[in-house]
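Report on one structure; see the data block that follows.
In full-length UniProt numbering, the protein residues as written are 1 to 1034.
Listed below in structure tokens is the structure:
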């Protein structure tokens, strides 16, 4: 009996202990390490629960051991955790992509993605931060179908070209960019770490912005604080190094000597070549880069705020500190609820940048000389000075290291941007908004040319020094006022109406002056630049530093205005059937008031059908959602110089005074005359855009698919046709009038597929792929001839190699096709005998080893009429690939981009006997049958070999690994007393590898010109960058 009682007592004690409840506490964070207030923490299958406080903390008492806690919050994936005694939880909630995608930014507001009827793509902050871009544009490449970003240069601080769905006009193809609703022309002012999301409007949805939206619209939203949240800070910093991602394969001194002897048909030029110099190794160096970004955010019951600052310092891989770029940014955002229905918002942004410039991307640039200078020359002569390439007769090829040392060109930029806004809600369904935005920029440029001698007859030689100062001032403002009505009728009918007006004005003033000969015989940059730069730009500011009086280099100014009214109606029936319509009226100062040419009306509309909301749709299957959509609209374009409708007195004129005894030209009268001829009948360009698309989610929303088919036709192109000199356009400073003529069409297909899934609490995986196919064609020019563009070669210079012709892509390359190499004189004689004139090639004499041009018109001889389309710089296909995963505390991401079908002209080779050559010349023709691809060596320029042909047009298709990154996150368990919430350390590589057959530095580079683009005169290569970084949240 006693033993039975003991056993019963032990059972009761153990049973009571096993059922004893516990207290559970912890913190809930988002995937960036910031606390999430207001998260619901519920004991599963009970009503017991709580919510997290401002710091994301929670405490639950009397919880049964082994119970399951459920953590849920709007926009995040619900998570369940089994608890045990004494456990301090740190819970990280991942964003629910399916929910977050429901809201996207559109013109003058937001919209649930489910109800968006246009082609709108989004890039979020996580994707941008993983790429570590120095500029925002770099983060868009490969992320969005239909968006192609090309570099103008790889130098620090250089800009980029963004093209949305192709080149739509022969003029300005830049998209409209707005940051928090503020128009921004230069994205260098934006710190990429400040961005919350980038939304791209690619079709008629851009019509709400009228004449400024023809090339697409990029809407950037910056990060903001949260109401009812404690002040939190984030520090992001990285440092690393950069190297050239590519070198051009050039002849070494021995093979160079053999080539020169072969070209000159003699052997005594180079008998014992010297060791020589690899000039690319001397010019392209490892450069350092560092960046730090600091930000903070928080909020009270009625307010939310954010602030931050960043500093970037980047040396160039060419010239190091002589090509340095520094940027400092500061940002402030504030929102305050004055009343429950009256909200105030304000933002302020300041950017200061300083860039040291080197000559690049043209004849006479540093890299142009490095590629062409003879490799047998040492860097310095026996006296220790820089060597001089006097053997090369061409005047622009100099010692590139001497050029770097003697270049002093500094650009400093100060930019200020600000916005203030009010939103007032009344009668429940109406909201009136007013927003004023202003931008101010001051661009100062100082240039010093010292006394220098680069060699006999070099064009850059100076026997007197010179200082040049330039100042550019820009100011623009936008004032938007609109009212929004939103209501639901009978539960099924959702109506949103937007009515608004917008006023935009932009002004600019340019001034420049120069002066010769520094005082006291100085040749020092410290005497030329006061404190490194000149702050005040007024006439005569140079007088204290120079002997000769300063002289004006010129001045100019512009002032344009745009006044607009707009309306948008959106209707949804049960969320299934969607209709949207937009009408905008623009009045622009860039066109004449005659016949109301300055007024334009631009309508657009779209429809959508959420098939998955139909009763017949089985959402429990593999297809979870499906939406079909279509849009059509007309959007204007006023990207043209101011006052093009007026004839201006900006030309030069010389007249006879009327005295018959005056015969000396010195007695003629010089003055101004008509410059650019005006055209009062000038109108807007009009772009008709049509789009059909679908959005789908599959397999429990883990797979998303978007597909679009589009066509854009830009009509009434603003062009300057070729005009006879009799109307005065041949005079100095004069130009043809602009007219409306011609149509350019872009059509194509876009496709995106993405997979994102959490396989467990420890493992998340995502991958995406996008592809774009594009066709570009000039379909009409109204019988007009558009002046060709582009320049190829030096010596035998050709200035009409890029053209705009009906039936061809805009800016296609116009030249000779080749069919191998002439192997024997007999082959040439046979062709001459069959020619109607007895000479087969009328464009220059030919010899064995020369290029064989194709008689494309079949008239039996080679003439200028045989030139044809031999390529273009527009890619046929572009692809983007992104992959990432996280496992416990490790994360990995990679991004690649490919371009297929884009051609580039190899024009960085100087035609001089002693200029270096590419290694492909090792495969040159050296006798019958030796080569049918590379012509013979020639002494200098050769008419046949150097005429513009497909021999110098190369397929510049490429595949580039743009970013690869691996990171490790340390939670706050080890240092919670310090207040640190999270530390993430990462290694990253940008532009790590490029696969291409193109021989030049960068297959992705272009000068951005629609006519004359894709001509490579030695583009500055994009740098391969390797970084070590840390993200700190506290």
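C-beta: ideal position from N, C-alpha, C; glycine also.
Take the alpha-carbon of residue 902 and the one of residue 88: they are about 57 Å apart. Here residue 284 has 244 and 317 as same chain residues with Cβ atoms under 6 Å from its own Cβ, once five neighbours each way along the sequence are excluded. In this structure residue 633 touches residue 604 by the C-beta definition: roughly 2 Å separates them, less than 8 Å. According to the DSSP assignment, residue 287 belongs to the beta strand (DSSP E) that extends over 287–299. Taking the C-beta atoms as reference points, residue 446 is found nearer than 7 Å to residue 410. DSSP places residue 428 in no beta strand (DSSP E); its state is neither H nor E.
Here the C-alpha atom of residue 287 lies approximately 17 Å from the C-alpha atom of residue 327. Of the residues assessed, residue 897 falls on the buried side of the cut-off, its CB having 16 or more other CB atoms within 10 angstroms. Collapsing the DSSP output to three states places residue 382 in coil.
Counting of Cβ neighbours within 10 angstroms places residue 129 among the buried residues, the total reaching 16 or more.
Secondary structure at residue 263: helix, using DSSP grouped into helix, strand and coil. In the structure shown, the three-state DSSP call for residue 521 is helix. Apart from the 5 residues on each side of it in sequence, residue 567 sits with its Cβ closer than 6 Å to the Cβ of 499 and 583 in its chain, given in chain order. Relative to residue 374, the option among 398, 112 and 1020 whose CA is nearest is 398. When the beta-carbon positions are compared, residue 628 and residue 718 stay at least 7 Å from each other.
Under the DSSP assignment, residue 338 falls in the beta strand (DSSP E) whose first and last residues are 320–339. Look at residue 844 here: in three-state DSSP terms it is coil, with no helix or strand label. Here DSSP, grouped into helix, strand and coil, assigns residue 852 to strand. For the pair residue 945 and residue 850, the CB atoms are nearer than the 7 Å cut-off. Here the alpha carbons of residue 557 and residue 676 stand approximately 16 Å from one another. Shortest Cα-Cα distance from residue 636 to any of 740, 547, 951 and 337 involves 740. With respect to the 7 Å criterion, residue 900 and residue 877 are classified as neighbours on the basis of their beta carbons. In this structure, residue 1006 sits near residue 1014, with a CB-CB distance shorter than 7 Å. Taking a cut-off of 8 Å on C-beta distances, the stretch 420–430 does not touch the stretch 358–371, as fewer than three cross pairs fall below it.
When only Cα atoms are considered, residue 121 and residue 103 end up about 12 Å apart. Excluding its 5 nearest sequence neighbours in each direction, residue 753 has C-beta neighbours in its own chain below 6 Å: 705 and 769, listed in chain order.
DSSP lists 431 and 498 as the beta-bridge partner residues of residue 484.
Spatial neighbours of residue 304 in its own chain (CB-CB distance under 7 Å, excluding positions within 5 residues in sequence) are listed in chain order as 224, 225, 226, 227 and 335.
In the structure shown, the three-state DSSP call for residue 717 is coil. Taking the Cβ atoms as the reference, residue 173 lies roughly 5 Å from residue 215, within the contact range of under 8 Å.
In this model, residue 884 and residue 892 are separated by some 5 Å (Cα to Cα). Rounded to whole angstroms, the Cβ separation of residue 645 and residue 679 is 6 Å, and the two are in contact under 8 Å. The beta strand (DSSP E) runs of length 3 or more contained entirely in the stretch 733–806 are, from start to end of the chain, 743–758 and 763–780.
Relative to the Cα of residue 184, the nearest Cα in the group 218, 133 and 164 belongs to 218. Under DSSP, residue 954 shares a beta bridge with 904. With fewer than 16 neighbouring CB atoms inside 10 Å of its own CB, residue 785 falls in the exposed class.
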